[in-house]
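Q: Going letter by letter, the sequence shown gives residues 1 to 383 in full-length UniProt numbering.
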Amino acid sequence: MSSSLDRQIEQLKHWSAPRLPLALSPHLPLTPALPRHSQPIPEQQVKELCLKAREILVEEANIQWIDSPVTACPRLSLAIKRICGDIHGQFWDLLELFRVGGQCPDTNYLFLGPSVPRSRLCLPVQAHILPATGDYVDRGFYSVETFLLLLALKVRYPDRMTLIRGNHESRQITQVYGFYDECMKKYGSASVWRYCCEVFDYMSLGAVVDGRVFCVHGGLSPNVNSLDQIRLIDRKQEVPHDGAMCDLLWSDPDDIEGWGLSPRGAGYLFGADVVKQFVHANNLDLIARAHQLVMEGHKLMFDDKIVTVWSAPNYCYRCVGLPALPAFESHEPTRGGTSRCGNVASILELDENLNSTYQTFDAAAQQDTRGIPAKSTSLQYFL
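This is the structure:
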């Protein structure tokens with residue numbers, strides 16, 4: 001089963017058409033890659049993959065505790081974890097993230113939502129693969145392919161990849177921002193959308209790396225003072241309109257004191273004093289979150305106690321038709337903080353001592369742009 005999944009994952013990563021060319025289920029025979037204009041992965045195979053993923057996710061806790069692996073890979077001197085933010089259905093840029101950050105199982109990733117993170121090792125793979133802090137779907141044009149690839153990796157590496165739920169992993173939000181419509185267009189019914197939404201309900205709400213770095217999609221909640229309180233939340237449901245679970249997926253840090261109402265209509269704004277108190281009470285060094293577009297790819301706030309990581313370059317295809325810049329080799333933002341057009345993306349790297357650096361990259365140079373509008377419209381407030 002593992003070898004079959006490995007072959008399937010590699011074919012997905014090197015797939016050149018905007019459709020999944022093969023079955024992802026480990027129980028089905030591997031099928032060859034289909035022509036460029038092939039149909040999406042069959043609905044029955046999506047159903048089987050989602051059921052298998054749910055069986056794995058239901059056994060996981062609300063907060064996944066991740067310890068540094070003991071690296072046995074001769075190509076790596078440190079057990080580096082890579083933490084990624086929102087992906088939003090930008091399939092080609094997810095592949096670019098893997099190209100820039102390193103392929104599994106040679107690199108440890110932690111995704112703040114499966115669009116982007118995980119851990120890996122070379123010899124019996126012990127690393128944790130944690131994909132992005134949520135928001136794997138919506139807005140991008142390949143949400144189906146993006147989410148199914150991440151699910152396939154989760155099924156292949158169930159003990160090493162953690163999928164954190166974002167606010168877009170929701171029935172209500174996906175009906176407004178694109179995922180539902182994409183499923184209807186590609187499958188002619190809402191069945192695949194329903195299968196994926198059932199998976200959303202079982203995703204973890206956060207993760208803690210080495211007991212010191214708290215990873216969550218959105219932010220903090222006035223109803224949560226300790227990590228232990230998050231363990232008590234009933235997460236197996238649609239994202240509620242208020243309460244602790246809603247806040248963890250929707251809240252944002254801001255230059256205020258205490259708590260404030262969020263202009264999003266859900267969650268809260270919270271200030272440096274709130275972060276300082278939460279970090280101290282839970283013996284943390286850092287809060288890593290996603291949820292907000294950052295033109296430079298990442299943004300540190302409040303004496304470097306909280307960082308926003310964004311991993312979807314050229315968000316919403318704002319610069320369609322312009323050549324993408326090559327991935328940056330350094331770990332520093334580009335001059336001026338942004339790429340030539342649109343935003344850059346970032347990966348947070350943590351070594352075995354939890355020292356942090358940031359690797360910045362731009363949109364994939366080779367992308368299939370069929371179906372993408374020639375000119376993007378003005379962006380709404382970032383949900």
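By construction, the Cβ of each residue, glycine as well, lies at the ideal position given by its N, Cα and C atoms.
Keep in mind that this is a model prediction, so the values were computed, not measured.
I believe Ile173 touches Leu350 by the beta-carbon criterion, under 8 Å. Please report the beta-carbon distance rounded to the nearest angstrom.
A: Wrong, their Cβ atoms sit about 29 Å apart, outside the cutoff.
Q: Out of curiosity, what's the CA-to-CA distance linking Asp362 and Phe179?
A: Rounded to whole angstroms, Asp362 to Phe179 spans 24 Å at the Cα level.
Q: What number of angstroms, rounded off, separates the C-alpha of Ala272 from the C-alpha of Val307?
A: Straight-line Cα distance between these residues: approximately 12 Å.
Q: Grab me the residues of Ala364's own chain with a C-beta within less than 6 Å of its C-beta, minus the 5 sequence neighbours each way, in chain order.
A: Excluding sequence neighbours, Ala364 sits near Trp92, Asp93, Glu96.
Q: What does the alpha-carbon distance come out to for the pair Tyr268 and Ala345?
A: Each residue's alpha carbon lies about 25 Å from the other.
Q: Whole angstroms are fine: how far does the CA of Ala53 sit from the CA of Arg264?
A: Approximately 31 Å, taken between the alpha carbons.
Q: Indicate whether at least one CB of chain B lies closer than 8 Å to the CB of Leu148.
A: The structure shown has no chain B; it contains just one protein chain.
Q: Roughly how far, in whole angstroms, is the beta-carbon of Leu163 from the beta-carbon of Ser204, given that I think they are within contact range, below 8 Å?
A: Leu163 to Ser204, Cβ: 7 Å. Contact.
Q: What's the call for Asn353, buried or exposed, on a 16-neighbour Cβ count within 10 Å?
A: Label assigned to Asn353: exposed.
Q: Whole angstroms is fine: what's the gap from Asp6's alpha carbon to Gln277's?
A: Computed Cα separation, rounded: 44 Å.
Q: What are the uninterrupted segments assigned as alpha helix (DSSP H) that are 4 or more residues long and contained completely in the segment 209-234, given in chain order?
A: You should have 227-231.
Q: Out of curiosity, what's the CA-to-CA distance linking Asp254 and Phe270?
A: Computed Cα separation, rounded: 6 Å.
Q: What residue from Leu227, Val224, Asn355, Gly218 has the CA that sits closest to Gly85's CA?
A: Nearest option by C-alpha distance: Gly218.
Q: My assumption, with CB atoms under 8 Å, is that Val144 sits in contact with Glu198. Please give the rounded CB distance.
A: About 15 Å separates the two Cβ atoms, so there is no contact after all.
Q: Use the C-beta contact count for His241: other C-beta atoms within 10 angstroms, 16 or more gives buried, fewer gives exposed.
A: Burial call: exposed.
Q: Which residues in the same chain have their Cβ closer than 6 Å to the Cβ of Trp65, if we skip the five residues on either side of it in sequence?
A: For Trp65, where only same-chain residues beyond five positions count, the Cβ hits under 6 Å are Val208.
Q: For Ser311, tell me which candidate among Met301, Asp304, Val294 has the shortest Cα-Cα distance.
A: Measuring from the Cα of Ser311, the nearest candidate turns out to be Val294.
Q: Measuring CB to CB, does Arg235 end up less than 8 Å from Leu112?
A: Result no, Cβ atoms of Arg235 and Leu112 do not sit closer than 8 Å.
Q: How far does the alpha helix (DSSP H) with Ile56 in it reach, from first residue to last?
A: Taken as a continuous stretch (DSSP letters only), the alpha helix (DSSP H) holding Ile56 covers 43-57.
Q: Alpha carbon to alpha carbon, how far is Ile9 from Ala33? Give it in angstroms, no decimals.
A: With a pLDDT of only 35 at Ala33, under the threshold of 50, the placement of this residue in the model should not be trusted, and no figure is reported.
Q: Does the beta-carbon distance from Ser2 to Arg156 come in below 8 Å?
A: Closer than 8 Å, so yes.
Q: DSSP three-state label for Gln64, please.
A: Strand at Gln64.
Q: Could you give the distance in angstroms between the alpha-carbon of Arg194 and the alpha-carbon of Leu150?
A: Looking at the two C-alpha atoms, the distance is approximately 17 Å.
Q: Checking the sheet assignment: what are the DSSP bridge partners for Ser204?
A: Beta-bridge pairing links Ser204 to Ile164.
Q: Determine, using beta carbons only, whether Asn146 and Gly89 come nearer to each other than 8 Å.
A: Checking the sequence, you will find Thr at residue 146 rather than Asn. Yes. Within cutoff.
Q: When you compare only the Cα positions, how much space is there between Glu238 and Asp228?
A: Computed Cα separation, rounded: 22 Å.
Q: Just reading off the alpha helix (DSSP H) that Lys185 is part of, what are its end residues?
A: Taken as a continuous stretch (DSSP letters only), the alpha helix (DSSP H) holding Lys185 covers 179-187.
Q: In chain order, which continuous runs of the beta strand (DSSP E) of length 3 or greater are located wholly inside the segment 270-301?
A: With a minimum length of 3 residues, the continuous beta strand (DSSP E) runs that stay inside the segment 270-301 are 286-289, 298-301.
Q: Looking at the structure shown, is Leu354 part of a helix, part of a strand, or coil, going by DSSP?
A: Leu354: coil per DSSP, three-state reduction.
Q: Where do the ends of the beta strand (DSSP E) carrying Lys81 lie?
A: Its beta strand (DSSP E) spans residues 81-84.
Q: What number of angstroms, rounded off, separates the C-alpha of Met301 from the C-alpha of Leu261?
A: Approximately 19 Å between the Cα atoms of the pair.
Q: Check each candidate in Val224, Glu257, Gly258 and name the one with the smallest Cα separation from Cys246.
A: Per the Cα distances, Val224.
Q: Kindly indicate the opening and closing residues of the beta strand (DSSP E) around Ile306.
A: Note, Ile306: beta strand (DSSP E), 306-309.
Q: Whose CA, out of Lys305, Ser189, Lys154, lies closest to the CA of Val58?
A: Residue Lys154 is the option with its Cα nearest to Val58.
Q: What would DSSP say about Asp93, mapped onto helix, strand or coil?
A: Three-state result, Asp93: helix.
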